[in-house]
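Asker: Please read through the structure below; I'll follow up with questions.
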Amino acid sequence: MGKRKKIFPSVLITDIADKGLALGRADSGEVVLVQGAVPGDRVKVLSKRKKKGVALGFVTELLEPSPDRVEPVCDHFFDCGGCKWQNLTYEKQLFLKNKTVINAIERIAKCRPETIGEPIPAPATTFFRNKLEFSFSNKRWLSLEEVKEDRKIERGNALGFHRPGSFDKIVDVEKCHLQPDPSNQVRNFVRDFAIKNNLEFFDIKEKTGLLRTLVVRTGAAGQLMVIVAFAQRNEEQIKQVLEAIVGEFPDITSLYYVINEKANDSLLDLPMQLYHGSEFLEEQLLDVKFRLGPKSFFQTNPAQAEKLFEIALDFAGIDNKSLVYDLYCGIGSISLPVARRAKKVVGIESVPEAIEDARINAELNGIDNVSFFTGEVEKLLDPTFFEKEGQPDVIIVDPPRAGLHPAVVDAILQTSVEKMVYVSCNPATQARDIGLLKEKYELINLRTVDMFPHTSHIETVALLKKRPTQS
Ligand SMILES: C[S@@+](CC[C@H](N)C(=O)[O-])C[C@H]1O[C@@H](n2cnc3c(N)ncnc32)[C@H](O)[C@@H]1O
């Protein structure tokens with residue numbers, strides 16, 4: 398065994414750690430980060446490396462299962478790594494997410510909200526996503542069982558998800574529990590058709606092959622958008638694939654293709670060609686319709702996004718006299734429902750395409766009391782902006798994981814806004830910002846909303862109110 402390899406014969410898992418890992422303590426007293434274990438398990442661990450000085454390993458034997466352990470629903474659980482907590486009861490997942498949020502507030506912001514409601518469970522813990530991107534590869538990931546078999550197994554082609562830690566191997570997916578039908582049928586059909594017709598799957602290392610990625614989007618009322626990314630401009634074979642998809646799924650709402658000859662898989666900077674059907678899908682959040690093109694961002698768990706926005710609206714307590722700022726507004730999925738209830742909304746977002754979508758969606762819904770601005774919040778939000786657009790009654794923020802830019806915190810502290818609603822996808826940066834704002838704002842309410850069951854991702858909504866003594 399190499400120098401860095403170490404076996405921990407008995408590790409008691411005590412807590413969760415970042416990125417779906419678990420934290421345990423070996424009988425020797427050493428702290429170990431473990432893949433594939435849940436709190437309460439006692440496991441044998443093989444560690445091959447350290448992460449920030451702490452041994453990082455995976456379970457080689459489950460010595461005593463945790464009472465919170467359950468059988469994962471997905472056959473691909475051990476290979477895929479996408480839904481790391483599927484082996485933990487949903488109640489325990491919610492408990493751990495809420496505990497992480499409370500710990501962050503207490504440790505980082507050094508305060509406690511007046512109210513912490515129960516975490517809001519997702520209405521569905523399977524088949525809740527409306528978008529998935531699958532990758533083609535001529536190097537299928539072999540499962541542990543296959544590797545253990547005493548015969549040579551063909552790697553072959555795969556269409557599915559990247560195996561974490563292995564950039565060129567793809568876990569071939571037969572049934573994914575994340576997206577409703579016909580997502581699985583579309584992926585399996587395209588893969589089987591390509592294999593039957595000897596179409597080449599992408600070689601991620603060599604950058605060769607025809608079929609590269611497949612995006613499946615499902616919308617309201619059974620709408621379906623499919624985007625096929627090809628790595629080469631082979632007109633005949635491209636047509637063969639697209640015709641086959643239309644033939645198999647004649648009710649498809651929208652079929653696009655794109656040629657991606659770049660080093661990376663991102664499609665956002667490439668021109669998309671509509672091959673069949675409508676340019677857009679339709680979605681609805683609360684009382685607002687959204688038109689989605691192939692590049693439009695949209696909330697990936699719309700049923701739970703509605704619950705999140707209902708809480709944000711309830712916290713904001715707006716009426717038809719309120720001027721509301723929605724900072725980091727994206728495509729306006731919060732701004733537009735707010736505009737239906739407020740006097741006016743001002744939205745700021747740095748991505749021009751998102752603002753374009755926000756404006757189109759405002760028009761589509763006949764909403765004309767909203768002004769969208771393209772730019773970085775930290776650059777736009779200065780005294781002149783407030784003078785021009787007016788002093789807000791409520792500020793809603795929904796920043797990326799990095800949280801608020803310090804200049805945004807300063808700009809908010811200089812306003813006389815009474816209420817802030819802080820939507821966050823990162824409890825640590827939210828707690829940091831609440832700590833910075835607390836000289837003027839008191840944390841009134843904090844709610845964990847589970848958008849992504851079986852993962853360690855956490856979404857929260859906080860309500861802050863100006864302290865009475867502040868002018
Ligand atoms: C968590 S998303 C918010 C999404 C939005 N609430 C929606 O539902 O469409 C964060 C948004 O902030 C935008 N963003 C990131 N950095 C920004 C900045 N410095 N200024 C303005 N917008 C920014 C991102 O493009 C993204 O749309």
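Position one of the sequence shown corresponds to residue 398 (the numbering used here), numbered consecutively onward.
Cβ atoms here follow ideal geometry from the backbone N, Cα and C, with glycine treated the same way.
Here the structure is a predicted model, which means the values were calculated and not measured.
Which partner residues does Ser651 have in the DSSP bridge list?
Answerer: Met622 and Gly674
Asker: Counting pairs of Cβ atoms below 8 angstroms between the stretch 633-651 and the stretch 668-684, do you hit three or more?
Answerer: yes
Asker: Quick check: the Cα distance between Tyr838 and Ala713, rounded to an integer number of angstroms?
Answerer: 14 angstroms
Asker: What's the call for Ala591, buried or exposed, on a 16-neighbour Cβ count within 10 Å?
Answerer: buried
Asker: Looking at Arg584: is its Cβ nearer than 7 angstroms to the Cβ of Phe524?
Answerer: no
Asker: Answer with buried or exposed for Ile731, where buried requires no fewer than 16 other C-beta atoms within 10 angstroms of its C-beta.
Answerer: Around the Cβ of Ile731, a 10 Å sphere holds 16 or more other Cβ atoms; the residue is buried.
Asker: From which residue to which residue does the beta strand (DSSP E) around Ile642 run?
Answerer: It is not in any beta strand (DSSP E) - Ile642 instead sits in the alpha helix (DSSP H) that spans Glu632 to Glu645.
Asker: Should Ile502 be flagged as near chain B, meaning a C-beta pair shorter than 7 angstroms?
Answerer: Any reference to chain B falls outside this structure, which holds one protein chain only.
Asker: Just checking, does the stretch 661-669 make contact with the stretch 731-741 on the three C-beta pairs under 8 angstroms criterion?
Answerer: no
Asker: Quick check on DSSP: helix, strand or coil for Gln867?
Answerer: Caution is warranted here: a pLDDT of 48 is assigned to Gln867, below 50, making its placement in the model unreliable, and the coordinate value is therefore given only provisionally. Looking at Gln867 - three-state DSSP - the assignment turns out to be coil, as it is neither helix nor strand.
Asker: Three-state secondary structure (DSSP) at Tyr838?
Answerer: strand
Asker: Is DSSP giving Lys604 helix, strand or coil here?
Answerer: coil
Asker: Could you check if Glu746 belongs to the surroundings of ligand 1, using beta carbon to heavy atom distance under 6 angstroms?
Answerer: yes
Asker: For Val623, count neighbouring Cβ atoms within 10 angstroms of its own Cβ and tell me buried if that reaches 16, exposed if not.
Answerer: buried
Asker: Quick one: is Ser813 buried, meaning 16 or more other Cβ sit within 10 Å of its Cβ, or exposed?
Answerer: exposed
Asker: Going by beta carbon distance, what residues of the same chain come within less than 8 angstroms of Lys686, once the five residues before and after it are set aside?
Answerer: Glu679, Glu680, Asn758, Leu761 and Asn762
Asker: Check whether the Cβ of Ile656 sits closer than 6 angstroms to any heavy atom of ligand 1, and report yes or no.
Answerer: no
Asker: Comparing the CB of Ile649 with every heavy atom of ligand 1, is any distance shorter than 6 angstroms?
Answerer: Answer for Ile649: no, Cβ out of range of ligand 1.
Asker: Keeping to the same chain, check which residues put their C-beta closer than 7 angstroms to that of Lys862; ignore five residues upstream and five downstream.
Answerer: Glu815, Lys816, Tyr838, Glu839 and Ile841
Asker: Mapping the DSSP letters down to three states, classify Gly399 as helix, strand or coil.
Answerer: Confidence is the limiting factor: at Gly399 the pLDDT is only 47, short of 50, which leaves the residue's position unreliable, though a coordinate-based value still follows. In the structure shown, Gly399 sits in coil (DSSP, three-state: anything other than H, G, I, E or B).
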